[in-house]
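J.: After the structure tokens below, expect a handful of questions from me.
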Amino acid sequence: MLNFTVGPVKSDEVVLKIGREQVPYFRTDEFSKLMLENESLMKKFAKASCDSRVVFITGSGTASMEASVINFFNENDKVLIINGGSFGERFVEICNCYSIKNTEIKLERGHDITEEELYKYANLGYTGLLVNVHETSTGVHYNIDMISKFCKENNLFLVVDAVSSFLADEFNMEALGVDIMITGSQKALACPPGISIMVLSPRAIKKAEVVNARCYYLNINNALKNGKRGQTPFTPAVGTLIQINARLHEIEANGGVESETKRIHELALDFRNKIKDLPLEIVSNSMSNAVTPLHPLNAKAGDIFEILKNEYQIWVCPNGGAMRDEIFRVGHIGALTKEDNTTLVNALNDLVKRGLL
């Protein structure tokens, strides 16, 4: 199968080779060294300050989303949530689950937040803002510079879910004043799912100590304490963490985060140029390099996904719920090439000839 989803994505041979090996015991100096390397490179690629910290959670990106709520906010907080799709809605549900007072800024599908919409909430006593900087369900990449400016002006604790945009889009955590950045192993890191990653600013580290969350597995203070010696509180997805280490070193050897972002940008641009004459509408007015969201003009998106999967052995990324038949997405992260783009575009052209697109 040729994989154009946005996670899990196609892995390269370096990662696949590690996946075929026996998983080693991890309470060792060797594994601690590897984990400290992972932390150092993650901080470097996120452009976090030198006194930031990184937490590796065995769980999906949602585990880190939940950890970012229960460890850093309590009943005294009031947070803003930018909700432009499925993952913005998830932040709302998590906050409601823990009785964190919140206001959701609901956006029209496929649209970025405007300054007018955001600044309605200035100086109203909010203490934090949660945003999925790339709302993967619709493909929108929000104006993080404007969001950052708003949070700095209003002294808001800023949590950024960059699960699908990390490495795909420019991101400078320290300059943006981001307090928590979240990503996951199965996106542009192109490893198997199972590890979510939180990069914490110095302010976030101090706030975790004050909030003192009443949770066990997702307790960030416990994770930070163990992380000082390159370990995790509980048994992690050891094999995936070793694969992450290999990928981070691979990215570093190939020119670092700037080179990787440029590669993904060029893949996205190549695909978007190749589909210009197809009956497909790009539905976002502000896109990440990570994915192209498409609305088929003469067919159902869910049907396109099924036909490509079953007849062409190509995975694109479907949507669920109300968007199932409206939007499918084509990812540009992972071990993809421009030749892979051509293979997909040829399949789409064939669907047009068959009257199915």
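Residues 23 to 379 in this note's numbering are what the sequence shown spells out, letter by letter. Glycine included, C-beta positions come from ideal geometry on N, C-alpha and C. Note that the structure is predicted; figures quoted are calculated from it, not measured.
1. Grab me the residues of L178's own chain with a C-beta within less than 7 Å of its C-beta, minus the 5 sequence neighbours each way, in chain order.
2. Going by C-alpha distance, which of N244, P318, M203, N241 is nearest R225?
3. Indicate whether V221 and V91 have their beta-carbon atoms separated by less than 9 Å.
4. In angstroms with no decimal places, state the Cα-to-Cα distance between S86 and G377.
5. Check whether the Cβ atoms of G110 and S310 lie closer than 9 Å to each other.
6. Is the number of C-beta pairs between the stretch 349-358 and the stretch 262-280 that are closer than 8 Å three or more?
7. Give the DSSP bridge partners of P258, in chain order.
8. Within this structure, are the beta carbons of S71 and S223 separated by less than 9 Å?
9. Taking G343 as the reference, which of L63, N332, A323, G252 has the closest Cα?
10. Can you give the beta carbon distance from C173 to G199, rounded, assuming they're within the 8 Å contact cut?
11. Rounding to the nearest angstrom, what Cα-Cα distance links D292 and T158 in this structure?
12. Closest to D183 by C-alpha separation, out of I104, I297, Y239, would be which residue?
13. Just how far apart, CA to CA, sit I217 and D191?
14. Looking only at its own chain, which residues have a Cβ that is under 6 Å from the Cβ of N96, when we skip the five neighbours before and after it?
15. Using DSSP with H/G/I as helix, E/B as strand and the rest coil, what is F26?
16. Considering Cα atoms alone, identify which of V37, G41, F48 is closest to R251.
17. Alpha carbons only, please: which of L330, N341, N241, D372 is nearest the one belonging to L24?
18. Is it buried or exposed for R112, if we count other Cβ within 10 angstroms and need 16 for buried?
19. Please classify V313: does DSSP put it in a helix, a strand, or coil?
20. Buried or exposed, going by whether 16 or more other CB atoms sit within 10 Å of the CB of R236?
21. Since K100 and K128 are thought to touch, with beta carbons under 8 Å apart, how far apart are those beta carbons, to the nearest angstrom?
22. Which stretch, first to last residue, makes up the alpha helix (DSSP H) that contains R10?
23. Under three-state DSSP, which class holds T50?
24. DSSP on F350, reduced to helix/strand/coil?
25. Pick helix, strand or coil for S218, following the three-state DSSP scheme.
26. Report the CB separation of M195 from K69 in whole angstroms; it is logged as a contact under 8 Å.
27. Given a threshold of 16 other Cβ atoms within 10 Å of its Cβ, counted over all protein chains shown, does C119 qualify as buried or as exposed?
28. Would the beta-carbon of P215 fall within 9 Å of that of P340?
29. Could you give the DSSP three-state label for C173: helix, strand or coil?
30. Apart from the five residues just before and just after Y143, which ones in its own chain have a Cβ nearer than 6 Å to its Cβ?
T.: If we stick to the structure as given:
1. Y148, T149, G150, L151
2. M203
3. no
4. Near 44 Å, if we compare the C-alpha coordinates of G377 and S86.
5. no
6. no
7. P258 is not bridged to any residue.
8. yes
9. A323
10. 6 Å
11. 20 Å
12. I104
13. Their backbone Cα atoms lie some 20 Å apart in a straight line.
14. V233
15. If DSSP states are grouped into helix, strand and coil, F26 belongs with coil.
16. The shortest C-alpha separation from R251 is found at F48.
17. L330
18. buried
19. strand
20. So R236 counts as exposed.
21. At roughly 17 Å, the Cβ-Cβ gap does not stay under 8 Å, so K100 and K128 are not in contact.
22. What the structure shows of the chain is the stretch from 23 to 379, and residue 10 is not part of that stretch, so it cannot be assessed.
23. In the structure shown, T50 adopts coil according to DSSP, grouped into three states.
24. strand
25. strand
26. 5 Å
27. exposed
28. no
29. helix
30. L102
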